Structures are given as C-alpha cells and as structure tokens.
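Enquirer:
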Amino acid sequence: MKRGDICIALLLLAVAAAVLLLRPQGKPVVYVNGQRITASTEINGVVIELQNGKARVQSSPCRDQICVHAGWLERPGDVAVCLPQRVSVEIRSGKSAIDAVAY
Amino acid sequence: MVDLGISARSKVAYWGVFAALALALSFAESWVAPLLQLPLGVKPGLSNIAVMLAAGVLGLPAGLAVALAKALFAGFTRGLTALLLSGAGGLCSALLVGLLLRRGHRQAQKQTKTGVTATGVGILGGVTHNLAQLALAALLTQTPGVFWLLPQMIVCGVIAGAVTGTLAGRIRILLHQA
Amino acid sequence: MKQGQKRLRLWAAIAGVLVIAAVLLYSLAPRQVTQTDFDMGSVRRLTVWRSGNLRLAPLPSYEAQAAAQPPPPPVEALIAATGGAFDPYIGALVALWNIDSKDGSPPRVPAQAEIDAALQERALDPGAYGKGLACDFVLQALGGDRRIRGGVLDLGGNILTFGSKPFGAPFKVALRDPLGGANDTLGVFTLEGTHFLSTSGSYEKYFTQGGVRYHHIFDPKTGYPAARDPGLCSVTVLSDSGALGDALSTACFVLGYAQAGGLPWNDRGALFLYEDGSIKALGDIEQMFTITNEKYHWVSE
Numbered sequence: 145m146k147r148g149d150i151c152i153a154l155l156l157l158a159v160a161a162a163v164l165l166l167r168p169q170g171k172p173v174v175y176v177n178g179q180r181i182t183a184s185t186e187i188n189g190v191v192i193e194l195q196n197g198k199a200r201v202q203s204s205p206c207r208d209q210i211c212v213h214a215g216w217l218e219r220p221g222d223v224a225v226c227l228p229q230r231v232s233v234e235i236r237s238g239k240s241a242i243d244a245v246a247y
Numbered sequence: 007m008v009d010l011g012i013s014a015r016s017k018v019a020y021w022g023v024f025a026a027l028a029l030a031l032s033f034a035e036s037w038v039a040p041l042l043q044l045p046l047g048v049k050p051g052l053s054n055i056a057v058m059l060a061a062g063v064l065g066l067p068a069g070l071a072v073a074l075a076k077a078l079f080a081g082f083t084r085g086l087t088a089l090l091l092s093g094a095g096g097l098c099s100a101l102l103v104g105l106l107l108r109r110g111h112r113q114a115q116k117q118t119k120t121g122v123t124a125t126g127v128g129i130l131g132g133v134t135h136n137l138a139q140l141a142l143a144a145l146l147t148q149t150p151g152v153f154w155l156l157p158q159m160i161v162c163g164v165i166a167g168a169v170t171g172t173l174a175g176r177i178r179i180l181l182h183q184a
Numbered sequence: 004m005k006q007g008q009k010r011l012r013l014w015a016a017i018a019g020v021l022v023i024a025a026v027l028l029y030s031l032a033p034r035q036v037t038q039t040d041f042d043m044g045s046v047r048r049l050t051v052w053r054s055g056n057l058r059l060a061p062l063p064s065y066e067a068q069a070a071a072q073p074p075p076p077p078v079e080a081l082i083a084a085t086g087g088a089f090d091p092y093i094g095a096l097v098a099l100w101n102i103d104s105k106d107g108s109p110p111r112v113p114a115q116a117e118i119d120a121a122l123q124e125r126a127l128d129p130g131a132y133g134k135g136l137a138c139d140f141v142l143q144a145l146g147g148d149r150r151i152r153g154g155v156l157d158l159g160g161n162i163l164t165f166g167s168k169p170f171g172a173p174f175k176v177a178l179r180d181p182l183g184g185a186n187d188t189l190g191v192f193t194l195e196g197t198h199f200l201s202t203s204g205s206y207e208k209y210f211t212q213g214g215v216r217y218h219h220i221f222d223p224k225t226g227y228p229a230a231r232d233p234g235l236c237s238v239t240v241l242s243d244s245g246a247l248g249d250a251l252s253t254a255c256f257v258l259g260y261a262q263a264g265g266l267p268w269n270d271r272g273a274l275f276l277y278e279d280g281s282i283k284a285l286g287d288i289e290q291m292f293t294i295t296n297e298k299y300h301w302v303s304e
C-alpha cells in the first residue's frame with residue numbers, strides 16, 4: 145500500500161462523500177420505472193407497497209430478492225431495483241421543482 | 007504484452023486456470039452475497055480477482071476472455087440479467103487493469119513512478135467494476151436515480167478492489183518466481 | 004534524497020492548492036438556507052441562496068409595524084384610483100362580520116342597519132395590503148446582506164422572489180387551485196429577478212349561513228362580500244411592490260375584470276380565475292404563467 149494507492153482511494157472516497165452530501169432534500173415522491181405512483185401497485189410480478197410517503201418492494205418473483213432486502217425507501221435518493229424483473233423503485237425529491245406556492 | 011518468461015503452452019494453461027478460478031469464485035460469491043445483504047446486488051467482488059489477475063498477469067486479452075467466461079457462466083446459472091451484469095463489470099475492470107498494468111508489469115510490488123502499486127490498480131478495477139454495474143442497472147431500468155447509490159458502490163469497490171489488487175500483486179510475484 | 008524531497012514538496016503544494024480551493028468554494032458558493040417563523044398571523048418561510056456560513060439573522064415581526072403606520076402612498080392613492088372599490092379603512096365593517104375573528108367567536112351576517120353604521124366609521128384594516136407590506140419590509144431587511152444571492156419568501160401565500168438562484172435558474176412559483184385541495188395547483192409562474200405575487204380570493208376565508216356563502220373580501224360600497232364579477236373566485240397580481248400588489252389584488256377582486264382594466268398595469272399583471280375554469284389576464288403576465296391543470300384555460304377578451 146503506497147502513497148499513490150492511498151491517493152486513489154482517498155480521491156474516490158471524496159467523490160463518494162460529495163455525492164452523499166449532494167443528495168436532494170425535499171418531500172419524498174415515489175417513482176416506479178420513471179413514473180410517479182401514489183398507491184401500492186404491482187409491476188411485472190413485483191409488489192410495491194406505499195405507506196406514509198415511504199415505499200418498499202414487498203415481494204418479487206426474482207431469485208436473489210435484493211430488491212426486497214432493500215427495505216423501506218424513505219429519503220429522496222433511496223432506490224431499490226429488481227433487475228431480473230426490470231423494475232425500479234426510487235424516491236425523488238418532490239419539492240425541488242417548485243420554489244413556492246402562491247395562494 | 008506482459009513477459010513473464012513462461013512458454014506459450016503454459017500461458018494457455020494459465021488462461022484455463024484463471025477461468026476456472028473465476029467460475030469457482032463466482033459460485034462461492036453467489037453463496038456469500040445474500041448473506042451480506044449488500045444494496046443492489048453489489049458483489050463482494052471476489053470473482054473479479056480472477057479477472058484482474060488474468061488481465062494483470064497474462065495481459066488484456068486473457069482478462070477479457072476470463073471476464074467473458076465468467077459472464078457466460080453467470081448467464082447459464084442465473085439468467086440474462088446476471089450475464090449482463092457480470093459482463094459489464096468484468097469487461098470494464100479487465101480493460102482498466104489490463105491497460106494500466108501493461109506498463110508496470112515487472113514492478114507490481116515495487117513502487118512505480120507514480121507511487122501506485124497493484125493495490126491501487128485493484129482499487130480502480132474494483133470501483134470500475136461496480137460503476138459499470140450501476141450504469142447497467144440505470145440503463146436497464148431507465149432509472150438514473152440509481153446513481154445516488156454511488157457512495158456505497160465506491161466504498162465497496164475500494165475495499166474489495168484493495169484486497170483484490172494486493173492479492174493479485176502477490177500472486178503475480180509468486181507466479182513470476184515459479 | 005532529492006527525489007523524495009521533490010515529491011514531498013509536490014504533494015504539499017497539491018494539498019495547499021486543495022485547501023485553498025476548498026476555502027474559496029466554501030466562502031463563494033451559494034447554498035440554500037431556509038428559515039420558518041410566523042408573522043402577520045401566518046407562516047413565514049424564507050429560503051435564500053447565500054454564500055459563507057449558513058446562519059441567517061432572524062427576521063423581526065412586522066405585524067405591529069404594519070398596523071401602526073398609515074398605508075404607503077401608492078396604496079392610499081389606489082383608493083381614489085378605484086373609485087372607492089378599494090378602501091382599507093373599513094376596519095369597522097370587517098370587525099362586524101367577524102370572519103377572521105381573533106378570539107374564536109363565530110362570524111355572522113349583520114343587519115343592514117349595522118352595516119350602514121359600520122360604513123360610516125373609518126378604521127384602518129391593514130389586512131388588505133398587510134402581508135404585501137411585510138414582504139416589502141423583508142426585502143428591505145435582507146438588502147443589506149451582501150452574501151445573499153437570491154431568495155424566495157412565502158408569507159401566508161404572498162410570494163416574494165428576488166435576486167437569482169444558483170446557475171441562473173428561474174424561480175418557479177406554483178399557484179394553488181382555489182377550488183381544489185391544499186395540494187392542488189393549477190399552474191406555474193416562471194420568474195426572474197424581484198417580483199411580488201399576491202392573491203385575493205373568495206375561497207380563502209368564508210362562512211356559510213342559510214345556504215349562502217359569505218367570503219371575506221368586502222365591497223366598501225355595499226358592505227357585503229364583493230360580487231361585481233359573478234363567477235370570479237380569485238385574483239393573483241404580479242407586481243414590483245408588495246403592499247401595492249396586495250392592495251391591487253383586493254381591488255381587482257372587488258372591481259372585477261371589466262373595471263380593473265383602468266388601473267395602472269405598467270410592468271404589472273393580474274390573473275383572474277373563474278369558477279368555470281376560465282382565466283383572464285391583465286397586463287404583462289401571460290407569458291410568465293403556464294397552466295398545468297386541465298380544468299383551467301385561457302380566455303382572451
């Protein structure tokens with residue numbers, strides 16, 4: 145483990161930290177495969193449950209069950225993907241598009 | 007091309023050894039991964055050892071071949087998605103390692119001009135492997151949001167890559183001496 | 004060893020550059036800060052993009068100040084300009100109907116005699132322009148902070164945008180659908196620079212009695228909730244002044260679309276929303292607003 149190696153490692157970890165800090169904040173909005181959903185639903189055999197603004201993959205016919213093990217998705221940026229079934233569930237920031245609401 | 011002073015026949019033998027190693031590690035990995043419950047199927051990167059070894063010791067073509075073999079094996083045992091995933095990760099890291107190690111092949115354990123050893127190359131290979139898989143996942147599911155998993159992928163890649171790289175470097179020395 | 008020393012210096016130089024870059028980034032890059040408190044009886048949320056440290060000085064409450072001062076001259080001038088349709092001195096009338104009661108007592112429909120008596124009195128009710136005025140105060144207060152690049156203020160639905168967002172992105176302010184729920188919007192304003200948005204509508208505060216709905220924007224001529232433009236349920240004014248914009252929205256709601264055309268609209272604009280989904284515009288506002296709700300549509304006259 146030499147200087148150059150440590151530099152590479154630190155640089156990469158700095159990028160990781162930067163991405164972590166840049167995560168969007170805002171009201172969580174659930175998107176499945178790029179489309180917004182507002183209620184529990186099922187796609188390609190993958191059952192997605194919505195509750196209190198949080199979402200999770202309840203069950204899936206895939207072999208590895210990684211999507212299910214991802215658990216509850218709460219903050220903008222949280223993602224669960226089931227590649228074999230081609231289903232992705234992500235939380236996006238809802239408020240980022242609008243700065244304020246006038247009334 | 008790397009010149010380890012081994013005969014052409016030995017080289018072919020080594021190709022086979024690494025390929026077999028890749029498959030064995032793949033198998034072991036599929037056992038271990040569900041236990042660790044990493045996000046998005048981030049593999050501990052064990053089987054990538056063989057790919058990076060092949061690329062580093064025998065050169066880029068060998069690395070690519072082993073990566074391909076690993077991908078096909080994954081495809082047969084775990085389906086098309088596994089094939090694509092393994093292929094993307096393996097090919098990209100093989101490319102990276104193969105191209106980088108072409109220059110420093112005799113100084114794997116010694117300090118090269120830039121202070122980067124096999125460990126560093128391993129780190130880069132490991133992170134590239136994970137990034138490639140992330141990109142593939144984003145493509146397949148049309149979800150660019152997948153990239154918010156970058157921090158975890160980088161950390162896993164650095165750790166697994168460092169271990170893999172160091173190991174690969176040691177094995178190169180051993181092989182060179184054999 | 005020379006080689007080692009050289010390399011050490013190189014690393015030190017790189018480290019030094021990185022540190023300097025980090026400090027520069029920290030002090031120059033604008034970051035978002037949000038502050039939420041209360042004023043003028045509503046929630047006041049201020050979001051600014053500011054460089055340097057992330058602490059904002061707390062804003063004072065302007066409620067007392069707005070009530071103690073006479074209306075700003077442009078607002079005062081609006082009384083004559085609208086022929087009395089806008090009149091902030093109907094405090095007695097407002098208290099009589101008690102729609103916005105401070106002590107929890109219910110609103111009621113007063114007797115005609117009571118209304119006539121109240122119309123004779125002259126008491127200032129800053130509600131017609133108060134929130135807009137408070138927005139003006141905030142803009143003044145923030146003007147001294149040179150680290151603030153831009154921001155958005157939401158004071159009970161009155162919006163102030165000023166400066167610019169990072170990367171020159173325009174401000175996006177949605178407009179709530181007066182006939183929908185609290186989360187339903189009907190369109191978005193895309194704004195750059197300093198703008199005030201004020202809305203007056205019949206669905207904000209009202210009560211129902213005997214099957215009739217009485218809202219809180221009174222016609223100073225009749226003493227009853229304004230009803231000159233049937234079907235009109237909300238007016239939103241975009242202007243360069245908080246107090247005047249707020250006053251204009253009240254004035255327009257009372258006057259109705261047809262009569263409001265005579266008011267000074269240079270560089271300002273207004274949207275008139277009707278119960279049937281039609282939207283009419285006055286002044287310079289159409290190109291800054293995009294309808295996103297299919298229940299609504301533009302109507303040109």
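So the sequences go chain by chain: A, B and C. Here this note's numbering runs 144 ahead of the position in the first sequence, where the first position is 1. Here this note's numbering runs 6 ahead of the position in the second sequence, where the first position is 1. Here this note's numbering runs 3 ahead of the position in the third sequence, where the first position is 1. Quick reminder that beta carbons are idealized off the backbone N, C-alpha and C, glycines included. As the structure is a computational prediction, the values presented were derived from the model and not from experiment.
(1) Answer yes if the stretch 228-239 of chain C comes into contact with the stretch 125-138 of chain C, meaning at least three C-beta pairs across the two stretches below 8 Å, and no otherwise.
(2) CB-CB under 8 Å to Asn101 (chain C), same chain, minus the five flanking residues each way: which ones, in chain order?
(3) For Gln113 (chain B), count the other beta carbons within 10 Å of its own beta carbon; 16 or more makes it buried, fewer makes it exposed. Which is it?
(4) Quick one, are the C-beta atoms of Ile160 (chain B) and Val127 (chain B) less than 7 Å apart?
(5) My output table needs one value for Lys76 (chain B): the three-state DSSP class, helix, strand or coil.
(6) Measure the alpha-carbon distance for Ala141 (chain B) versus Gly189 (chain A) and round it to whole angstroms.
(7) Kindly list, in the order they appear in chain A, the residues whose Cβ is closer than 8 Å to that of Ala177 (chain C).
(8) Identify, in the order they occur along the chain, each residue of the same chain with its Cβ nearer than 7 Å to the Cβ of Leu227 (chain A), setting aside the five sequence neighbours on each side.
(9) Please report the residue range of the alpha helix (DSSP H) in which Ser242 (chain C) lies.
(10) Would you mind telling me which residues of chain A sit closer than 8 Å to Leu200 (chain C), beta carbon to beta carbon, in chain order?
(11) If contacts are defined as beta-carbon pairs under 8 Å, then Lys134 (chain C) and Asp249 (chain C) qualify, I think. What distance do you get, rounded to the angstrom?
(12) Taking C-beta to C-beta, are Thr188 (chain C) and Met291 (chain C) nearer than 7 Å?
(13) Helix or strand or just coil, what does DSSP make of Leu156 (chain C)?
(14) Quick one: residues in its chain with C-beta nearer than 7 Å to the C-beta of Thr295 (chain C), no 5 flanking neighbours on either side, listed in chain order?
(15) Could you tell me the boundaries of the beta strand (DSSP E) in which Trp52 (chain C) lies?
(16) Could you check whether Ile129 (chain B) and Ala153 (chain A) sit closer than 7 Å to each other, using their CB atoms as the reference points?
(17) With distance defined between alpha-carbon atoms, name the residue in C:Pro267, C:Pro61, C:Val176 and C:Phe275 nearest to Gly204 (chain C).
(18) Here's the rule I'm using: 16 or more other beta-carbon atoms within 10 Å means buried, otherwise exposed. How should Asn269 (chain C) be labelled?
(19) Alpha carbon to alpha carbon, what distance is there between Asn54 (chain B) and Val169 (chain B)?
(20) How far does the beta strand (DSSP E) with Ala83 (chain C) in it extend, from its first residue to its last?
(21) Whole angstroms are fine: how far does the CA of Asn186 (chain C) sit from the CA of Lys298 (chain C)?
(22) Can you list, in chain order, the residues of its chain with a C-beta nearer than 6 Å to that of Gly93 (chain B)? Leave out the 5 residues immediately preceding and following it.
(23) By how many angstroms is the C-alpha of Leu57 (chain C) removed from the C-alpha of Tyr29 (chain C)?
(24) What does the Cβ neighbour count give for Val20 (chain C), buried or exposed, with the cut at 16 atoms within 10 Å?
(25) Among the candidates C:Ala263, C:Trp52, C:Arg47 and C:Ile282, whose CA atom is the shortest distance from the CA of Ala32 (chain C)?
(26) With a threshold of 6 Å on Cβ separation, who are the neighbours of Thr293 (chain C) within its own chain once the five nearest residues in sequence on each side are excluded?
(27) For a test of the three-state rule: what should DSSP assign to Pro205 (chain A), helix, strand or coil?
(28) Check the Cβ-Cβ distances between Leu217 (chain A) and every residue of chain B, and say whether any is below 7 Å.
(29) Can you find a CB in chain B that lies within less than 7 Å of the CB of Ile152 (chain A)?
(30) How long is the line joining the alpha carbons of Leu13 (chain C) and Pro63 (chain C), rounded to whole angstroms?
(31) What residues in its chain sit with their C-beta under 6 Å from that of Ile118 (chain C), if we drop five residues either side in the sequence?
(32) Any Cβ of chain A within less than 7 Å of the Cβ of Phe174 (chain C)?
(33) With a threshold of 6 Å on Cβ separation, who are the neighbours of His218 (chain C) within its own chain once the five nearest residues in sequence on each side are excluded?
(34) How would you call Ala124 (chain B), buried or exposed, if buried means at least 16 neighbouring beta carbons within 10 angstroms?
(35) Find the residues of chain A that neighbour Ile160 (chain B), judging by a C-beta separation of less than 7 Å, and give them in chain order.
(36) For Ile192 (chain A) and Thr185 (chain A), I'd like the C-alpha separation in whole angstroms.
Expert: Straight from the coordinates:
(1) Contact between the stretch 125-138 of chain C and the stretch 228-239 of chain C is absent: fewer than 3 CB-CB pairs across the two stretches fall below 8 Å.
(2) These residues qualify, in order along the chain: Ser108, Pro109, Pro110 and Arg111.
(3) Reliability of the predicted coordinates at Gln113 (chain B) is poor, the pLDDT of 49 falling under 50, and no value is obtained from them.
(4) no
(5) helix
(6) 24 Å
(7) Ile242, Ala244, Val245 and Ala246
(8) none
(9) It is not in any alpha helix (DSSP H) - Ser242 (chain C) instead sits in the beta strand (DSSP E) that spans Leu235 to Ser242.
(10) Ala246
(11) 6 Å
(12) no
(13) If DSSP states are grouped into helix, strand and coil, Leu156 (chain C) belongs with the strands.
(14) The answer, listed in chain order, is Thr188, Leu189, Gly190 and Val191.
(15) Ser45 to Arg53
(16) yes
(17) Minimum Cα distance to Gly204 (chain C) is reached at C:Phe275.
(18) exposed
(19) 11 Å
(20) From DSSP, Ala83 (chain C) is part of no beta strand (DSSP E) but of the alpha helix (DSSP H) over Pro76 to Ala84.
(21) 15 Å
(22) Ala77
(23) 10 Å
(24) exposed
(25) Considering only alpha carbons, the answer is C:Trp52.
(26) Gly190 and Val191
(27) coil
(28) No, no contact with chain B.
(29) yes
(30) Across the structure, Leu13 (chain C) and Pro63 (chain C) are spaced so that their CA atoms are roughly 52 Å apart.
(31) Around Ile118 (chain C): Gly226.
(32) yes
(33) Non-local beta-carbon contacts of His218 (chain C) in its own chain, meaning distances under 6 Å to residues more than five positions away in sequence, involve Ser205, Tyr209 and Pro228 in chain order.
(34) Classification for Ala124 (chain B): buried.
(35) Neighbours of Ile160 (chain B) on chain A, chain order: Leu156, Leu157, Val159 and Ala160.
(36) 5 Å
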